[in-house]
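In terms of this note's numbering, the sequence shown opens at residue 15 and continues consecutively.
For every residue, glycine included, the Cβ atom is placed at its ideal position computed from N, Cα and C.
From a predicted model like this one, the values you see are computed outputs, not experimental measurements.
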Amino acid sequence: MAARLMDGKAIAAEIRQELMVSVAAFLEHGHPRPCLAAVLVGEDAASQVYVRNKQRACEQVGIDSQLHRLPETTTQDELLQTVGNLNRDNGVHGILIQLPLPSQIDETQVLDAVAPLKDVDAFHPTNVGLISQGRPRYLPCTPHGIQQLLHRCEVTTAGRHAVVIGRSDIVGKPMAMLLAARDSTCGPAVANATVSVCHSRTADLTDITRQADLLIAAIGRPKSITADMVKSGAVVVDVGINRTDEGLVGDVDFAAVREVASQITPVPGGVGPLTVAMLLFNTLSAARHQHAHQNGESPRS
Ligand code: NAD
15 MAARLMDGKA IAAEIRQELM VSVAAFLEHG HPRPCLAAVL VGEDAASQVY VRNKQRACEQ
75 VGIDSQLHRL PETTTQDELL QTVGNLNRDN GVHGILIQLP LPSQIDETQV LDAVAPLKDV
135 DAFHPTNVGL ISQGRPRYLP CTPHGIQQLL HRCEVTTAGR HAVVIGRSDI VGKPMAMLLA
195 ARDSTCGPAV ANATVSVCHS RTADLTDITR QADLLIAAIG RPKSITADMV KSGAVVVDVG
255 INRTDEGLVG DVDFAAVREV ASQITPVPGG VGPLTVAMLL FNTLSAARHQ HAHQNGESPR
315 S
């Protein structure tokens, strides 16, 4: 029987609806409207689409957004100056540096320059350290979105074997940390997994993926995960976004794996919309943190 589709688009819409209510309640308490500032350097077509989508999503839930466009030739100092200005601006709660950056820019130095309280991508070493210690301030958007998706599709990970393919700082590594943690924003049932992390140097990848109750592919290579790599009844989450002649495809051979898995995400319409929804979640959270920081209160208020 074909796997059930995990409809990321519909679940992201549900989360945005919840956020709209939360933003309205935040404003009713006299707090300032949350504001996300996106920094876009250069003319990369995909980046322009991503930033536009994020701005539109902000608008839908009542979050203000700013776009700071800088030319392809921007220097490291100019970009650091922009980040510094946004760090000092009390009207800006979240800062998003759209990646990739042009080759003359040292990406790590720029991401490290974002004030940790405004780091809505959760890339700053302070925020990564807090996650690794099990006391997160902000969660990285894609792994957090996947946890929300699993929860809302009634997938339990506690005590199960989760195999994450990919070890990037943006997806693979934080995904493994969140799944292995004792608890999550959706409760302990969507944490407490036994996690294996696979990567480009993993030997006998198929042997490992076939043991997975939950298989998460974040590789960036079209259709790398074939049906023979998946255990019958496994839950399969496809993070990959690959532009091919066939259009956008994931890392999973969807048509074939669908016949083996119990639940599966499509591409597009799977993980992507959740990433954007969790960025909005983090922006509201950042506004709460900064308000609390300025007033010496708990960020939960
Ligand atoms: P990355 O290039 O930084 O990391 C890819 C990882 O895959 C590496 O850790 C590498 O070791 C591993 N890998 C490469 N070849 C492999 C192989 N043959 N076998 C096993 N592992 C292999 O990429 P990333 O930033 O983690 O992104 C991964 C994919 O997810 C990309 O397609 C990206 O576009 C997509 N992505 C989607 C979203 C979303 O919201 N849906 C968000 C971020 C990234």
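Who are the Cβ neighbours of Asp133 in its own chain at under 6 angstroms, not counting the five residues just before and after it?
Locating residue 133 in the sequence shown gives position 119, counting from the first residue. Excluding residues within five positions, the ones whose Cβ falls inside 6 angstroms are Asn141.
Through-space distance from Leu84 to Thr199, alpha-carbon basis:
By 1-based counting over the sequence shown, the position of residue 199 is 185. By 1-based counting over the sequence shown, the position of residue 84 is 70. About 36 angstroms.
Counting beta carbon pairs with one atom in the region 146–155 and one in the region 181–196, are three or more of them shorter than 8 angstroms?
yes
Would you kindly report the start and end of the unbroken alpha helix (DSSP H) that includes Ile385?
Given a span of 15 to 315 for the chain in the structure shown, any question on residue 385 remains unanswerable.
For the alpha helix (DSSP H) holding Leu288, just list the boundary residues, first then last.
Taking the first residue of the sequence shown as position 1, residue 288 is located at position 274. Its alpha helix (DSSP H) spans residues Val285 to Asn309.
Does the beta-carbon of Asp265 have 16 or more other beta-carbons within 10 angstroms, so that it is buried, or is it exposed?
The residue you call residue 265 lines up with position 251 of the sequence shown. It counts as buried.
Go ahead and label Leu33 buried or exposed: buried means 16 or more other beta carbons lie within 10 angstroms of its beta carbon, across all protein chains shown.
To locate residue 33, count along the sequence shown from 1; it is residue 19. Counting Cβ neighbours within 10 Å, Leu33 comes out buried, since at least 16 surround it.
Range of the contiguous beta strand (DSSP E) that encloses Gly186
Translated into positions along the sequence shown, residue 186 becomes position 172. First-last for Gly186: Gly186 to Ala194, but that is the alpha helix (DSSP H), not the beta strand (DSSP E).
Any contact between the region 284–292 and the region 22–32? By contact I mean 3 or more CB pairs, one from each, below 8 angstroms.
yes
For Gly44, which beta-bridge partners are listed by DSSP?
As a first step, residue 44 is located in the sequence shown; it is residue number 30 there, counting from the start. DSSP output for Gly44 lists no bridge partner at all.
Compare the beta carbon distance of Arg215 and Ala205 with 8 angstroms and say whether it is the shorter of the two.
As a first step, residue 215 must be located in the sequence shown, where it is residue number 201. As a first step, residue 205 must be located in the sequence shown, where it is residue number 191. No, Cβ-Cβ distance for Arg215 and Ala205 is not below 8 angstroms.
Tell me whether the beta-carbon of Ser210 lies closer than 8 angstroms to the beta-carbon of His175.
Within the sequence shown, residue 210 is the residue found at index 196, counting from 1. Within the sequence shown, residue 175 is the residue found at index 161, counting from 1. Yes.
Under three-state DSSP, which class holds Ile233?
Residue numbering aside, residue 233 sits at position 219 when the sequence shown is read from its first letter. In this structure, Ile233 counts as coil in the three-state DSSP scheme.
Below 8 angstroms CB to CB, which residues in the same chain sit around Leu41 once its five sequence neighbours on both sides are set aside?
Position 27 of the sequence shown, counted from the start, is the residue given in the question as residue 41. The residues are Arg47 and Gly76.
Measuring straight from C-alpha to C-alpha, what distance separates Leu144 and Ala127?
Against the sequence shown, residue 144 aligns to sequence position 130. Against the sequence shown, residue 127 aligns to sequence position 113. Those two C-alpha atoms are separated by around 17 angstroms.
Grab me the residues of Gln123's own chain with a C-beta within less than 8 angstroms of its C-beta, minus the 5 sequence neighbours each way, in chain order.
Counting from 1 along the sequence shown, the entry for residue 123 is found at position 109. Around Gln123: Gln90 and Leu94.
Of all the alpha helix (DSSP H) runs that stay within the bounds of the region 115–170, which reach a length of 4 or more residues?
121–127, 139–146 and 155–166
Quick check on this structure: which residue in His213, Pro282, Gln118 and Gly173 has the alpha carbon closest to the alpha carbon of Leu329?
Residue 329 lies beyond the range of the chain shown here (15 to 315); nothing can be said about it.
Cβ-based neighbour list, Pro282, same chain, cut-off 7 angstroms, excluding 5 preceding and 5 following
Along the sequence shown, one-based indexing puts residue 282 at 268. Leu262.
Would you say the beta carbon of Val177 comes nearer than 7 angstroms to a heavy atom of ligand 1?
Translated into positions along the sequence shown, residue 177 becomes position 163. No, the beta carbon of Val177 sits no closer than 7 angstroms to any heavy atom of ligand 1.
Taking the beta carbon of Asn296 as the centre, do at least 16 other beta carbons fall within 10 Å, making it buried, or is it exposed?
Position 282 of the sequence shown, counting from 1, holds the residue named residue 296. Buried.
With burial defined as no fewer than 16 other Cβ atoms inside 10 Å of the residue's Cβ, what is the status of Thr258: buried or exposed?
Residue 258 sits at position 244 when you count from the first residue of the sequence shown. Exposed, because fewer than 16 other Cβ atoms sit within 10 Å of the Cβ of Thr258.
Examine the Cβ distances between the region 295–312 and the region 100–113 and report whether three or more of them are shorter than 8 angstroms.
yes
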